[in-house]
Amino acid sequence: MQQLESSLEGRGARLGVAMLDTGSGLSLGWRQDERFPMASTFKLLLAAWMLERVDRGQEALDRRVHFEPSALVAYSPVTEKHVGAVGITVGELCDATVTLSDNTAANLLLARHGGPQGYTAFVRGLGDAVTRLDRTEPTLNEATPGDPRDTTTPLAMLQSLRKVALGDALQPASRAQLVEWIVGTKTGDKRLRAGVPGWRVGDKTGTGNQGSSNDIGVLWPPGGDAPIVVTCYMTQTTTAPEKRDATIAEVARQVARAVAA
Numbered sequence: 001m002q003q004l005e006s007s008l009e010g011r012g013a014r015l016g017v018a019m020l021d022t023g024s025g026l027s028l029g030w031r032q033d034e035r036f037p038m039a040s041t042f043k044l045l046l047a048a049w050m051l052e053r054v055d056r057g058q059e060a061l062d063r064r065v066h067f068e069p070s071a072l073v074a075y076s077p078v079t080e081k082h083v084g085a086v087g088i089t090v091g092e093l094c095d096a097t098v099t100l101s102d103n104t105a106a107n108l109l110l111a112r113h114g115g116p117q118g119y120t121a122f123v124r125g126l127g128d129a130v131t132r133l134d135r136t137e138p139t140l141n142e143a144t145p146g147d148p149r150d151t152t153t154p155l156a157m158l159q160s161l162r163k164v165a166l167g168d169a170l171q172p173a174s175r176a177q178l179v180e181w182i183v184g185t186k187t188g189d190k191r192l193r194a195g196v197p198g199w200r201v202g203d204k205t206g207t208g209n210q211g212s213s214n215d216i217g218v219l220w221p222p223g224g225d226a227p228i229v230v231t232c233y234m235t236q237t238t239t240a241p242e243k244r245d246a247t248i249a250e251v252a253r254q255v256a257r258a259v260a261a
């Protein structure tokens, strides 16, 4: 991982990685306890939060949400088609938030249950004392170096991701729904997925200012072996987007090699 980080351009460029082989217990990390801007990776736990509220009887995936044009923010490929009387269901908002990273969808979900403060309370309930959401889309992508707002650590996010996607933080039906959404992600083909062709991958990408490029996910090896949880964060780099994607793909390749060793 040090060699990968050294290949990044820009003074202060950082790469953070955490991985866990849930079968053997093998864990590896690089800068795994340092804070990184979450960018849109926060949306995976946002969808999990909505499902947790469904489990508690406090939300319903078929509940319809209506909103005005003023709620639209940049990059909203799904919600821009559902303004006004048309509306959209909570389940459809979750799907759009995870699979296409629709920003308005994320904001609408946040607004339903306490905003960033409610989100942070949810992750605290998972036992995550690190991850924090302070703003909404798109300002949460600012990624100013040293600013703790809207950040996590690779290890904290890995632990929370494991609990919602593979653990018992959600009821079985809700956990299966979350996995369906992350496996259906359409924004990550050049990142973790590219490093392990032929594997089943469920992930959530994130891209922000300061060269921030992230991908977090669950990797299921072919043959039925236990899943591997990986979180990868990158920031403060001027490296071209294509090379940032390739770096994340290489992280997945190195993780796969480490597990197979």
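Counting from 1, position 189 in the sequence shown corresponds to residue 189 in full-length UniProt numbering; the numbering is continuous, with no gaps.
All C-beta atoms in this analysis are idealised placements derived from N, C-alpha and C, irrespective of residue type, glycine included.
Taking 8 Å as the cut-off, the Cβ atoms of S213 and R162 do not count as close.
Checking the DSSP bridge columns, you'll see C94 has no partner listed. Using a Cβ distance threshold of 8 Å, K43 and V90 do not count as a contacting pair. The C-beta separation of R31 from P197 comes to about 27 Å, leaving the pair out of contact by the 8 Å criterion. Comparing alpha-carbon positions, the option among H66, A106, Q210 lying closest to A13 turns out to be Q210.
Secondary structure note for T104: its alpha helix (DSSP H) is the uninterrupted segment 103 to 112.
Between L126 and L46, the CB-CB gap reaches or exceeds 8 Å. If only uninterrupted beta strand (DSSP E) runs of at least 3 residues are considered, those enclosed by the stretch 198 to 246 are 200 to 207, 213 to 220, 228 to 235.
Here L192 is not near A156, since their CB atoms are 8 Å or more apart.
The three-state reading of DSSP puts R56 in coil, since its state is none of H, G, I, E or B.
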